[in-house]
Every structure is written in structure tokens, then in C-alpha cells.
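A.B. asks: For reference, each letter of the sequence shown is one residue, going 10 to 96 in the numbering used here. All C-beta atoms, glycine included, are put in the ideal place defined by N, C-alpha and C. Dropping a structure here in C-alpha cells format, bear with me for questions.
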Amino acid sequence: MSKSPEVEAWFSELHHPLEPAMRRVRDIILGADPRMTELVQYGTVQFTYKSGLCSFVQVKDKKRVSLMFDAAGRIPGEYPHLEGKSV
């Protein structure tokens, strides 16, 4: 699992109340496949495989960590729990 210094800097500047949970989500995503990478783009952390896959969504609600799957259609298989409205 390769963690980007750029993303570490983003976390150190963010001071988000859910930082521990966001770091755990990051660990899960990066640990899922060695081909996953991360970068800071559009003011947030973008997780990539070949190109953008998902990113943290910074919302006013500070009670949950949110991910936006930019290209979920490229994930092989069917994952109905990834479809629909945000929760």
C-alpha cells in the first residue's frame, strides 16, 4: 500500500472531525488492490485505478464519511448497494 505525501499534507491541513474514519476508509481502499493509487485533485482525495474511481465528498454533514464513485460503471460485476441516492 503506497500512501502519497500529497494526501498526508491534505489531511494535516484539513482538520476534519472524522479524520480517523477517513484515514480508515483510505486504508481499506488502498489495501484492497495494490494497483490503487491516490492523489489530491479538485480539493479532495481521489482514489484511482487506471483513472479516477472515487473521491471523498466534503459535505457540511460531519457525521459520516462520504465517497463519490466517479466511474463505478467500470467496476466489473453488479453492486446494487453502490447505486442510488446518497445516504
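Roughly how far, in whole angstroms, is the beta-carbon of I38 from the beta-carbon of F56, given that I think they are within contact range, below 8 angstroms?
C.D. replies: Here the question's residue 38 lines up with position 29 in the sequence shown. Here the question's residue 56 lines up with position 47 in the sequence shown. Rounded, the Cβ-Cβ distance is 5 angstroms, consistent with contact.
A.B. asks: Rank E22, A41, E87, V16 by C-alpha distance to the C-alpha of Y58 and give the top, closest one.
C.D. replies: For the purposes of this step, residue 58 is taken as the residue at position 49 of the sequence shown. Nearest of E22, A41, E87, V16 to Y58, Cα basis: A41.
A.B. asks: If you check the beta carbons only, do V66 and V34 fall under 8 angstroms apart?
C.D. replies: Position 57 of the sequence shown, counted from the start, is the residue given in the question as residue 66. Position 25 of the sequence shown, counted from the start, is the residue given in the question as residue 34. Contact flag unset, no.
A.B. asks: Does the beta-carbon of M77 have 16 or more other beta-carbons within 10 angstroms, so that it is buried, or is it exposed?
C.D. replies: Working through the sequence shown from its first residue, we reach residue 77 at position 68. Exposed: under 16 other Cβ atoms inside 10 Å.
A.B. asks: Going by alpha carbons, who is nearest to S17 out of P43, P26, E47, G61?
C.D. replies: Position 8 of the sequence shown, counted from the start, is the residue given in the question as residue 17. The displayed chain sequence assigns Glu, not Ser, to residue 17. Comparing Cα-Cα distances from E17 to each of P43, P26, E47, G61, the minimum goes to E47.
A.B. asks: In terms of residue numbering, what span does the alpha helix (DSSP H) encompassing E22 cover?
C.D. replies: Here the question's residue 22 lines up with position 13 in the sequence shown. Unbroken alpha helix (DSSP H) run through E22: 14–23.
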